[in-house]
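Chemist: Residue numbers (the numbering used here), protein chains in the order written: chain W, 98 to 418; chain S, 22 to 341.
(1) Buried or exposed: where does residue 336 of chain W fall if 16 or more other Cβ atoms within 10 Å of its Cβ makes it buried?
(2) How about residue 320 of chain W and residue 310 of chain W: are their beta carbons less than 8 Å apart?
(3) My parser needs the beta strand (DSSP E) runs of 3 or more residues fully inside the region 182 to 233 of chain W; what are they?
(4) Can you check whether the C-beta of residue 389 of chain W is within less than 8 Å of a C-beta belonging to chain S?
(5) What does the Cβ neighbour count give for residue 164 of chain W, buried or exposed, with the cut at 16 atoms within 10 Å?
(6) Go through the region 307 to 339 of chain W residue by residue and report every complete run of the beta strand (DSSP E) that reaches 3 residues or more, in order.
(7) If you measure between the beta carbons of residue 248 of chain S and residue 163 of chain S, is that distance less than 8 Å?
(8) Apart from the five residues just before and just after residue 276 of chain W, which ones in its own chain have a Cβ nearer than 7 Å to its Cβ?
(9) Determine the extent of the alpha helix (DSSP H) in which residue 175 of chain W is found, giving its start and end residues.
(10) Between the Cα of residue 300 of chain S and the Cα atoms of S:289, S:313, S:168, which residue gives the shortest distance?
(11) Report the residues of the region 68 to 94 of chain S with a CB closer than 8 Å to any CB of chain W, ordered along the chain.
(12) Determine, for residue 60 of chain S, whether the minimum Cβ-Cβ distance to residues of chain W falls below 8 Å.
(13) Put residue 150 of chain S into one of helix, strand or coil per three-state DSSP.
(14) Kindly indicate if chain S contains any beta-carbon less than 8 Å away from that of residue 150 of chain W.
(15) With burial defined as no fewer than 16 other Cβ atoms inside 10 Å of the residue's Cβ, what is the status of residue 269 of chain W: buried or exposed?
(16) According to DSSP, is residue 143 of chain W part of a helix, a strand, or is it coil?
(17) Taking all protein chains shown into account, decide if residue 205 of chain S is buried (16 or more other Cβ within 10 angstroms of its Cβ) or exposed.
(18) Of all Cβ atoms in chain S, is any one closer than 8 Å to the Cβ of residue 364 of chain W?
(19) Starting from residue 62 of chain S and walking both ways along the alpha helix (DSSP H), at which residues does that stretch end?
(20) Could you confirm whether any beta carbon from chain W is found closer than 8 Å to the beta carbon of residue 325 of chain S?
(21) Contact check, residue 109 of chain S vs residue 271 of chain S under 8 Å by CB: the rounded distance?
(22) Measuring alpha carbon to alpha carbon, tell me which residue in S:185, S:196, S:135, S:143 is nearest residue 166 of chain S.
(23) What residues from chain S crowd round residue 254 of chain W, counting only those whose CB sits closer than 7 Å?
(24) So residue 280 of chain S and residue 294 of chain S are in contact, right, with Cβ under 8 Å, and what is the actual spacing, rounded?
(25) DSSP three-state call for residue 374 of chain W: helix, strand or coil?
(26) Within the continuous alpha helix (DSSP H) that includes residue 202 of chain S, where are the two ends?
(27) Could you tell me the distance, in whole angstroms, from the CA atom of residue 200 of chain W to the CA atom of residue 207 of chain W?
(28) Which residues of chain S have a Cβ atom closer than 7 Å to the Cβ of residue 239 of chain W, listed in chain order?
(29) So, does the CB of residue 340 of chain S fall closer than 8 Å to a CB anywhere in chain W?
(30) Could you confirm whether any beta carbon from chain W is found closer than 8 Å to the beta carbon of residue 330 of chain S?
(31) For residue 66 of chain S, collect the residues of the same chain with a Cβ closer than 6 Å to its Cβ; drop the 5 residues on either side in sequence, then sort them by chain order.
(32) Which chain S residues are close to residue 330 of chain W, counting only those with a beta carbon under 9 Å from its beta carbon?
(33) So residue 239 of chain W packs on residue 329 of chain W, CB below 8 Å; how close in whole Å?
(34) Can the beta-carbon of residue 355 of chain W be found less than 8 Å from the beta-carbon of residue 396 of chain W?
(35) For a test of the three-state rule: what should DSSP assign to residue 161 of chain S, helix, strand or coil?
(36) Taking 8 Å as the threshold, find out whether the region 137 to 157 of chain W comes into contact with the region 183 to 191 of chain W through three or more Cβ pairs.
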């Protein structure tokens, strides 16, 4: 079967996968026996869900994670937050929105079994939450780092969400679809060019770009927050008087990068610009006392921010039973 | 045919034996929780399971007795809690030990206390736990939200194979109506509720002195003030430790930054405040993992010093 035939027969492939899964059910990962793996709350007449996609541990958070701080400063921040320097968890949480027009996913997760062990739990978490991949009608992408777009396609590079349109920030597409930008990209992020080409190859017909600060879909607006990547976008979801921000990677772990918005993460493409975007976005959220969902805050990754010193303090929302 | 209430009560032994159908058999079945509330983590070789039992709401006004209302409201507002209505969450701590499953406190009882609480049973099922597995219910104190769940609405033991372990000082106080005159009026209902809830447990009840072992690896730590015999529990497996704070604090946003604040449920406010400072100080000094009955779900984390008081640091969701 050549590639074209595969693309022409996604329904068949899906059926095949379903059969394979029935024949040999995978054991429930330990991560998912730990808790419910999804969390829902109402947003006006819509429903927001955050879904656990797993986590990895960084061997030593004192080295190489915060690029413009010496180890003692990072150690002090971790101590204040009672977090370990050795084995600091980096969690992944995907936000979804249920509307009468279908389910909207914000980013696509790490992809089952495609990145590090302990990640790729999104399909199982969706199953637990009762969301079928076919119900997702739109994937809104914040930026093109691997942990956000690998889940767009399966291991054999077929669309994971068979009925979804994919909306991407125009500036992000412009950067990573042009190999000519390679030399102006930090060396260890250059793998993104190939991954972008690979993940979007089967999606080009259903991909559209959205403008910085433009409407992505009814009720969903983009908020340009460049720096983490050239076209990184956060989002505001509004339904009636209810609103919620999806902050994506405008800040990594809040105990480090929200308490200290001036700290530059190794994953920030342009540190000073990322800091500027971070301060603007979280300042706005703090002032509005608005709810947010973030990608790298510990599960369920939703809550509020308050101003604290030169930065912000994350306040998890109460569990909504 | 719809059985009347008395018939249902008469037939409740059979219902309890089945245990798949607890008290809700008398009412419309409770809707499944929108968000199942359970969370497992490891403590050395032990597994701890936090099980959410729902919430109660009450006015902020009148909650703290010795601070002006605007100060209390400011503390809440600064931590993104509403200033007028206080949400009080309930979370049970279960521990799977080599000698069996135990639980601290008994919950608010399904359908017995309020419509927004009593979720323990549904969340236990979501976590794959069965009340029949529980070997010991280890009680911190006798306020209703901690002991109503000892019995179901029919008055039967809700954990059919468990013994109940209680602080001796707590039993001494609430089992003697002679103490009623020395008890704040708002808490006098606890005498009758204690008699009622423990009635079917008397043959399976064990009293515990300060420092005594409640279960292998679990010791009592007297923490009086909130009630006369209020008790915390220390769980250890090798070097791994957990401190069950019970009601040393209510919502941490209010109580941890202001350990001197005394709440309407503290029987002896000064003693409660002294105990609060001592227990939080120990938790912070030893960097202990803590769980607490009224911490926000999953109600596990650590305690940091901050200013003159403390701050609750929710633990990461990393699981087992």
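Ideal Cβ placement from N, Cα and C applies to all residues, glycine included.
Modeler: Let's see:
(1) Counting every other CB atom within 10 Å of its CB across the protein chains shown gives residue 336 of chain W a total of 16 or more, marking it as buried.
(2) Residue 320 of chain W places its beta carbon less than 8 Å from that of residue 310 of chain W.
(3) Every beta strand (DSSP E) of 3 residues or more that sits fully in the region 182 to 233 of chain W is shown, in chain order, as 183 to 196, 199 to 203.
(4) No, residue 389 of chain W lies away from the interface with chain S (no Cβ there is under 8 Å from its Cβ).
(5) Residue burial is scored here from C-beta neighbours: residue 164 of chain W has fewer than 16 other C-beta atoms within 10 angstroms and is therefore classed as exposed.
(6) 312 to 314, 317 to 321, 330 to 336, all fully within the region 307 to 339 of chain W.
(7) The criterion of a C-beta distance shorter than 8 Å is satisfied by residue 248 of chain S and residue 163 of chain S.
(8) Within the same chain, residue 276 of chain W has close Cβ partners 290.
(9) Note, residue 175 of chain W: alpha helix (DSSP H), 168 to 177.
(10) For the residues S:289, S:313, S:168, the minimum Cα distance to residue 300 of chain S belongs to S:313.
(11) Within the region 68 to 94 of chain S, the residues whose Cβ lies closer than 8 Å to some Cβ of chain W are 73, 75, 76, listed in chain order.
(12) Answer yes: the Cβ-Cβ gap between residue 60 of chain S and chain W drops below 8 Å somewhere.
(13) In the structure shown, residue 150 of chain S sits in coil (DSSP, three-state: anything other than H, G, I, E or B).
(14) It does not; no Cβ of chain S falls within 8 Å.
(15) Classification for residue 269 of chain W: buried.
(16) Correct three-state label for residue 143 of chain W: strand.
(17) Residue 205 of chain S is exposed by the Cβ-count criterion.
(18) Chain S, which has no Cβ nearer than 8 Å to the Cβ of residue 364 of chain W, makes this no.
(19) Run containing residue 62 of chain S: none in the alpha helix (DSSP H); it sits in the beta strand (DSSP E), 59 to 64.
(20) Put simply, the CB of residue 325 of chain S is near chain W, with a gap under 8 Å to one of its CB atoms.
(21) Indeed, because the Cβ distance is near 6 Å, the residues count as touching under 8 Å.
(22) When each option's Cα is compared against that of residue 166 of chain S, the closest is S:135.
(23) Simply none; closest approach about 30 Å.
(24) A Cβ-Cβ distance of about 6 Å is found for the pair residue 280 of chain S and residue 294 of chain S, placing them in contact under the 8 Å criterion.
(25) The answer is helix: DSSP assigns residue 374 of chain W an H, G or I state.
(26) Note, residue 202 of chain S: premise wrong, no alpha helix (DSSP H); not H, not E.
(27) Approximately 19 Å between the Cα atoms of the pair.
(28) Those do not exist, as residue 239 of chain W stays about 21 Å from chain S at its closest Cβ, beyond 7 Å.
(29) Under the Cβ criterion of 8 Å, residue 340 of chain S is counted among the residues facing chain W.
(30) No, residue 330 of chain S lies away from the interface with chain W (no Cβ there is under 8 Å from its Cβ).
(31) Excluding sequence neighbours, residue 66 of chain S sits near 258.
(32) At a C-beta separation below 9 Å, residue 330 of chain W has no neighbours in chain S, since its nearest C-beta there lies roughly 25 Å away.
(33) Right, their Cβ atoms sit about 6 Å apart.
(34) Not a contact, by the Cβ cut-off of 8 Å.
(35) Coil.
(36) Three or more pairs of CB atoms, one per stretch, sit closer than 8 Å, so the region 137 to 157 of chain W contacts the region 183 to 191 of chain W.
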